[in-house]
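So the sequence shown is numbered by the UniProt record's numbering: it starts at 1 and just counts up by one.
Just so it is clear, CB atoms sit at the ideal spot from N, CA and C, and this is done for glycine as well.
Model, not experiment: these values are computed from the prediction.
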Amino acid sequence: MAFEGLAERLQDTLTKIRGKGKVSEQDIKDMMREVRLALLEADVNFKVVKQFIASVKEKALGQEVMKSLTPGQQVIKVVNEELTALMGGEQSKIAVAQKSPTVVMMVGLQGAGKTTTTAKLANHLRKKHNRNPLLVAADIYRPAAIKQLETLGKQLNMPVFSLGDQVSPVEIAKQAISKAKEEHHDYVLIDTAGRLHIDETLMDELKQVKELAKPDEILLVVDAMTGQDAVNVAESFNEQLDVTGVVLTKLDGDTRGGAAISVKAVTNTPIKFVGMGEKIDQLEPFHPERMASRILGMGDVLTLIEKAQSNVDEEKVRELEKKMRNMDFTFDDFLEQLDQVRNMGPLDEILGMIPGLNKAKGMKDLQVDDKQIGKVEAIVRSMTKKEKQDPSIMNASRRRRIANGSGTTIQDVNRLLKQFEDMKKMMKQMTGMTSGKGKKRGKGLGGFKLPF
Ligand SMILES: Nc1nc2c(ncn2[C@@H]2O[C@H](COP(=O)(O)OP(=O)(O)OP(=O)(O)O)[C@@H](O)[C@H]2O)c(=O)[nH]1
Ligand SMILES: [Mg+2]
Numbered sequence: 001m002a003f004e005g006l007a008e009r010l011q012d013t014l015t016k017i018r019g020k021g022k023v024s025e026q027d028i029k030d031m032m033r034e035v036r037l038a039l040l041e042a043d044v045n046f047k048v049v050k051q052f053i054a055s056v057k058e059k060a061l062g063q064e065v066m067k068s069l070t071p072g073q074q075v076i077k078v079v080n081e082e083l084t085a086l087m088g089g090e091q092s093k094i095a096v097a098q099k100s101p102t103v104v105m106m107v108g109l110q111g112a113g114k115t116t117t118t119a120k121l122a123n124h125l126r127k128k129h130n131r132n133p134l135l136v137a138a139d140i141y142r143p144a145a146i147k148q149l150e151t152l153g154k155q156l157n158m159p160v161f162s163l164g165d166q167v168s169p170v171e172i173a174k175q176a177i178s179k180a181k182e183e184h185h186d187y188v189l190i191d192t193a194g195r196l197h198i199d200e201t202l203m204d205e206l207k208q209v210k211e212l213a214k215p216d217e218i219l220l221v222v223d224a225m226t227g228q229d230a231v232n233v234a235e236s237f238n239e240q241l242d243v244t245g246v247v248l249t250k251l252d253g254d255t256r257g258g259a260a261i262s263v264k265a266v267t268n269t270p271i272k273f274v275g276m277g278e279k280i281d282q283l284e285p286f287h288p289e290r291m292a293s294r295i296l297g298m299g300d301v302l303t304l305i306e307k308a309q310s311n312v313d314e315e316k317v318r319e320l321e322k323k324m325r326n327m328d329f330t331f332d333d334f335l336e337q338l339d340q341v342r343n344m345g346p347l348d349e350i351l352g353m354i355p356g357l358n359k360a361k362g363m364k365d366l367q368v369d370d371k372q373i374g375k376v377e378a379i380v381r382s383m384t385k386k387e388k389q390d391p392s393i394m395n396a397s398r399r400r401r402i403a404n405g406s407g408t409t410i411q412d413v414n415r416l417l418k419q420f421e422d423m424k425k426m427m428k429q430m431t432g433m434t435s436g437k438g439k440k441r442g443k444g445l446g447g448f449k450l451p452f
């Protein structure tokens with residue numbers, strides 16, 4: 001997965017500070033040294049790193065205190081915001097021309113992924129935007145380049161415009177655009193030839209195509225795995241062609257992430273899409289904020305905190321806490337708690353925001369969890385009012401009836417009852433610990449956990 005090294009290092013650094021009730025200037029300095037090293041190791045442009053560190057330091061030290069977050073969380077929030085800003089802030093979408101068709105020109109070095117991305121983009125435009133693109137084969141230099149695009153077009157069941165390899169790319173572009181107008185294609189995607197280096201002859205040709213086709217979008221395709229080289233390439237292409245957006249391919253194989261973080265800052269050109277694999281559907285719109293959260297490995301922890309605070313009724317939380325202390329937390333309370341969590345949004349989404357659970361391997365388990373929760377809820381809802389209030393009356397026949405009523409097994413029911421008892425014990429310990437010292441408990445979910 002992308003960003004392994006960086007994510008790991010940053011997460012280590014941030015974990016040290018996350019729960020801190022107090023963060024000193026020295027803490028921030030120490031942390032920033034680590035962040036700096038982590039970014040440099042990830043092959044982020046050193047000027048970008050320098051600027052980033054300076055602005056995080058300044059904001060972290062000067063920021064307003066927010067009651068809802070601990071100081072440690074606030075520092076993380078600043079890092080997250082700055083990282084998001086560095087990568088472009090808002091999501092940058094593909095151009096739409098006022099008058100159809102929208103012309104998109106794909107450019108980039110040899111093997112960067114232009115042809116593949118042209119097909120992926122066509123697929124994306126059709127699937128997500130209900131568009132009807134025309135693919136244009138304007139790479140007349142590499143043998144089999146036309147064939148490659150035609151094969152992809154066939155696979156997508158989409159038309160590919162070509163005039164063989166004896167007609168100039170400028171002429172191909174011209175005829176393709178008139179054909180698109182005739183046949184009411186709303187996008188024209190022009191795949192151009194790659195080059196080994198920034199080479200003047202070919203660059204001139206691209207300029208001519210640009211002159212004639214007047215593209216609404218020039219997408220520069222760069223290979224994320226080449227790190228800072230990708231950034232330098234982007235800079236040169238941009239100087240010559242005024243690129244409007246970058247597609248970062250092979251992010252699936254990029255363990256460092258330097259290009260993704262530096263491209264926007266160095267070239268002032270936004271990343272619009274990222275390639276996450278060779279398959280036709282492995283192109284994703286680039287979301288700076290999501291990417292930042294992913295790099296920081298915190299899922300969307302801040303959104304989660306905010307959601308928890310706006311959705312959980314404070315009064316109810318206090319009531320529940322009192323019950324927990326008195327050990328009379330019942331299955332009714334449990335259902336209520338479940339509803340409160342549900343109010344925050346779809347469960348898998350909520351769980352996805354929890355750090356550690358959002359890792360790739362966790363995703364499968366999440367679905368299982370969702371089912372598991374449905375089961376648990378069915379069991380609880382099959383209990384009588386009396387049983388919910390006092391699970392100790394649960395004898396064998398009651399357990400059997402509940403299993404039948406909820407479509408589960410006696411083992412399932414037994415397991416839940418056992419977990420519920422364990423949870424109560426655990427809660428008692430937890431509340432005992434914190435209330436004993438008279439310390440104020442965390443808000444949000446009130447600090448208790450569901451028993452799964
Ligand atoms: N893993 C991975 N491979 C990719 C991605 N995008 C493209 N590739 C692979 O990169 C190789 C080159 O892709 P092409 O689309 O042919 O590259 P190109 O820029 O058109 O190359 P030229 O036409 O020779 O300049 C192919 O094997 C693609 O499958 C990606 O996002 N992830
Ligand atoms: Mg190609």
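{"Query": "Counting C-beta neighbours from all protein chains within 10 Å, is the total for E82 16 or more, i.e. buried, or is it exposed?", "Result": "buried"}
{"Query": "Which residue wins for smallest C-alpha separation from G108, given the options K99, P101, T118 and D43?", "Result": "T118"}
{"Query": "Where I198 and V233 are concerned, what is the direct C-alpha to C-alpha distance, given to the nearest angstrom?", "Result": "8 angstroms"}
{"Query": "Would you tell me roughly how many angstroms separate the C-alpha atoms of A122 and L135, rounded to the nearest one?", "Result": "8 angstroms"}
{"Query": "For K22 and Q74, I'd like the C-alpha separation in whole angstroms.", "Result": "11 angstroms"}
{"Query": "With a threshold of 16 other CB atoms inside 10 Å of the CB of E421, please say whether the residue is buried or exposed.", "Result": "exposed"}
{"Query": "Going by DSSP in three states, D422 sits in which element: helix, strand or coil?", "Result": "helix"}
{"Query": "Would you kindly check if the distance between the Cβ of F331 and the Cβ of V380 is under 9 angstroms?", "Result": "yes"}
{"Query": "When you measure from the CB of R142 to every non-hydrogen atom of ligand 3, does any distance come out below 8 angstroms?", "Result": "Among the ligands present in this structure, namely ligand 1 and ligand 2, ligand 3 is not found."}
{"Query": "Look up D254 in the DSSP assignment and give the residues it is bridged to.", "Result": "Answer is none; D254 lacks a bridge partner."}
{"Query": "In three-state DSSP terms, what is residue 496?", "Result": "It is not possible to answer for residue 496, since the shown part of the chain is limited to 1 through 452."}
{"Query": "I believe A7 touches I295 by the beta-carbon criterion, under 8 angstroms. Please report the beta-carbon distance rounded to the nearest angstrom.", "Result": "5 angstroms"}
{"Query": "Could you tell me which of D252, N414, V103 and E182 sits nearest to A224, measuring between CA atoms?", "Result": "D252"}
{"Query": "With DSSP as the reference, label D204 as helix, strand or coil.", "Result": "helix"}
{"Query": "Please report the distance separating the alpha-carbon of K16 from that of E200.", "Result": "51 angstroms"}
{"Query": "Going by the C-beta, is V221 closer than 8 angstroms to any heavy atom of ligand 1?", "Result": "yes"}
{"Query": "Taking Cβ positions, are A153 and G275 nearer each other than 9 angstroms?", "Result": "Note that residue 153 is Gly in the sequence shown here, rather than Ala. Contact: no."}
{"Query": "Please confirm whether any heavy atom of ligand 2 lies closer than 8 angstroms to the CB of A193.", "Result": "yes"}
{"Query": "Mind reading off the beta-carbon distance from Q191 to D139? Whole number of angstroms is fine, and I expect it under 8 angstroms.", "Result": "Per the sequence shown, the amino acid found at residue 191 is Asp instead of Gln. 6 angstroms between Cβ atoms; contact."}
{"Query": "If we ignore side chains and look at the alpha-carbon of each, how far apart do V48 and K174 end up?", "Result": "40 angstroms"}
{"Query": "How far does the alpha helix (DSSP H) with I53 in it extend, from its first residue to its last?", "Result": "F46 to G62"}
{"Query": "Would you check whether ligand 2 has a heavy atom nearer than 8 angstroms to the C-beta of A234?", "Result": "no"}
{"Query": "Name the one or two DSSP bridge partners that E217 has.", "Result": "V104"}
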